[in-house]
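Residue numbers (our numbering): 1 to 248. I have placed the structure first, in the form of C-alpha cells, so that the comments after it can refer back to it.
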C-alpha cells in the first residue's frame, strides 16, 4: 500500500556567489531545507566531493641514465626524490583520454619548469610555472612522465615484473581535483517560520575541474545511489507478483 506522504519543504534552486567564483573556489547557497536536512545534504556532498571526483595525476616517470630512485644526476641540483615531489605538484588535465605522456629534453644552464614539457594534444598543464629541476651548464635532462586518470589517493604501483622498464619511478597519486570542502548550516525563514535550514557550501579545487562542475558531479553520484532506494517498492512488488504467479 502506497504511503500518503506530505511533501517536505525543499530548495527550488542552488545559488552560486558569482562575485567570488573562480576556477578554484566556489560558494553555493540552498534554502529552505526542513530542519536537519541541511546537515544531511551538506555532509553527503562533502564526503563525495573529497573522495569520488575523478582527476589526473602523475603515476610514474623515467629519467634517461637513472636506474633507480637513489641515482645521482650529474649537473642537476635536485635529487630524484626532490624531482618526484615536484612532479607530484603538477596540476594536469586529461580530455577524452584516460592516460597521457609528458616529454622533456632540455640542456643547462636553466631552471626547468612544468611549461617546458612537450605534451600530447589531450593533455593540459594548468600550473606551467611549477618548478621541476635546476640544471647547471653542460647538464642535460631527458624525462618521460606518465599521467593517468583516477579517483582519490592511490599508492605507487611497483609491479617489479620482468617487463617493467629499468629506471621507472612509481609515484603516489592524489587524483582528486577537490582540495577542500566546507559547509555550514544557518537558520532560514519561510513566512513567519524560522525553523528551517540554509546550507552554505564552499568548494576549493585545483582548477582542472571547476567548483560548479565538482558539485554537479557529486550530486549525480548521490542521485545514482538514491535511485536504488527509490525503486525498492517497485522491485518488491515485481517479486511478489512472480511468487503469486508461481503459486497459481
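Virtual Cβ for every residue (Gly too), placed ideally from N, Cα, C.
Notebook entry, point to check: Where DSSP assigns a beta bridge to residue 34, which residues make up the other side?
Noted result: For the purposes of this step, residue 34 is taken as residue 34 along the chain shown, with counting starting at 1. 196, per the DSSP bridge assignment.
Next item on the list: Buried or exposed for residue 183, please, with buried defined as at least 16 other CB atoms from any protein chain shown within 10 angstroms of its CB.
Entry: Position 183 of the chain shown holds residue 183. With 16 or more other Cβ atoms within 10 Å, it is buried.
Note to self: If I measure Cβ to Cβ from residue 1 and keep anything under 6 angstroms in the same chain, skipping five residues before and after, which residues do I get?
What the structure shows: On the chain shown, residue 1 is found 1 positions in, with the first residue counted as 1. Residue placement at residue 1 is flagged as unreliable, the pLDDT there being 49, under the threshold of 50; a coordinate-derived value is accordingly withheld.
Note to self: Can you check which of these residues, 157, 152, 45, 34, is closest to residue 211 by C-alpha distance?
What the structure shows: For the purposes of this step, residue 211 is identified with residue 211 of the chain shown, where counting begins at 1. It is 45 whose Cα lies nearest to the Cα of residue 211.
Next item on the list: Report the residue ranges of all beta strand (DSSP E) runs contained in full by the stretch 88-120; include only those spanning at least 3 residues, in chain order.
Entry: 92-94, 99-107, 110-113
Margin query: Assess contact between the stretch 84-99 and the stretch 204-222, defined as three or more Cβ pairs (one per stretch) separated by less than 8 angstroms. Is contact present?
Written below: yes
Next item on the list: Along the alpha helix (DSSP H) that carries residue 218, what are the first and last residues, could you check?
Entry: Within the chain shown, residue 218 is the residue found at index 218, counting from 1. Element bounds for residue 218: 211-230.
Next item on the list: Could you pull out every residue in the same chain whose Cβ sits closer than 7 angstroms to the Cβ of residue 48, ignoring the five residues on either side in sequence?
Entry: Position 48 of the chain shown holds residue 48. These residues qualify, in order along the chain: 218, 221, 222.
Check: If you run the structure through DSSP and keep just helix, strand and coil, what is residue 39?
Finding: Reading the chain shown from its first residue, position 39 is the one you call residue 39. Residue 39: helix per DSSP, three-state reduction.
Notebook entry, point to check: When the distance is taken between beta carbons, is residue 29 closer than 8 angstroms to residue 200?
Noted result: To locate residue 200, count along the chain shown from 1; it is residue 200. To locate residue 29, count along the chain shown from 1; it is residue 29. For residue 200 and residue 29, yes; Cβs fall inside 8 angstroms.
Notebook entry, point to check: By how many angstroms is the C-alpha of residue 59 removed from the C-alpha of residue 290?
Noted result: Residue 290 lies beyond the range of the chain shown here (1 to 248); nothing can be said about it.
Next item on the list: Can you check DSSP and say which residues form a bridge with residue 205?
Entry: Counted from its first residue, the chain shown places residue 205 at position 205. Partner(s): 178.
Checklist line | Minimum Cβ-Cβ distance from residue 97 to chain B less than 8 angstroms | finding: No chain B is present in this structure, which holds just one protein chain.
Check: Can you tell me the Cα-Cα spacing of residue 187 and residue 198, whole angstroms?
Finding: Residue 187 sits at position 187 when you count from the first residue of the chain shown. Residue 198 sits at position 198 when you count from the first residue of the chain shown. Taking the straight line from one Cα to the other gives about 6 angstroms.
Next item on the list: Tell me, please, whether the stretch 144-156 touches the stretch 11-31 by the rule of three or more beta-carbon pairs shorter than 8 angstroms.
Entry: no
Item checked: Any 3 or more C-beta pairs closer than 8 angstroms across the stretch 132-149 and the stretch 64-75 -> Yes, the stretch 132-149 is in contact with the stretch 64-75.
Next item on the list: Could you tell me which residues DSSP pairs with residue 62 in its beta bridges?
Entry: Position 62 of the chain shown, counted from the first residue, corresponds to residue 62. Secondary-structure assignment with DSSP links residue 62 through a beta bridge to 144.
Next item on the list: Tell me whether residue 48 sits in a helix, a strand or coil according to DSSP, three-state version.
Entry: By 1-based counting over the chain shown, the position of residue 48 is 48. Here residue 48 sits in helix by DSSP.
Check: What separation, rounded to the nearest whole angstrom, lies between the Cα atoms of residue 176 and residue 138?
Finding: Position 176 of the chain shown holds residue 176. Position 138 of the chain shown holds residue 138. Each residue's Cα considered, the two are about 38 angstroms apart.
Next item on the list: Can you grab the Cα-Cα spacing for the pair residue 90 / residue 125, in whole Å?
Entry: Within the chain shown, residue 90 is the residue found at index 90, counting from 1. Within the chain shown, residue 125 is the residue found at index 125, counting from 1. Approximately 7 angstroms between the Cα atoms of the pair.
Next item on the list: Inspect the beta-carbon positions of residue 136 and residue 109 and report whether they are closer than 8 angstroms.
Entry: Here residue 136 corresponds to residue number 136 of the chain shown, with the count starting at 1. Here residue 109 corresponds to residue number 109 of the chain shown, with the count starting at 1. Their beta carbons are under 8 angstroms apart, which means residue 136 touches residue 109 by this criterion.
Check: Measuring CA to CA, which of 227, 196, 35, 172 is closest to residue 56?
Finding: Position 56 of the chain shown, counting from 1, holds the residue named residue 56. Checking every option, the nearest Cα to that of residue 56 belongs to 172.
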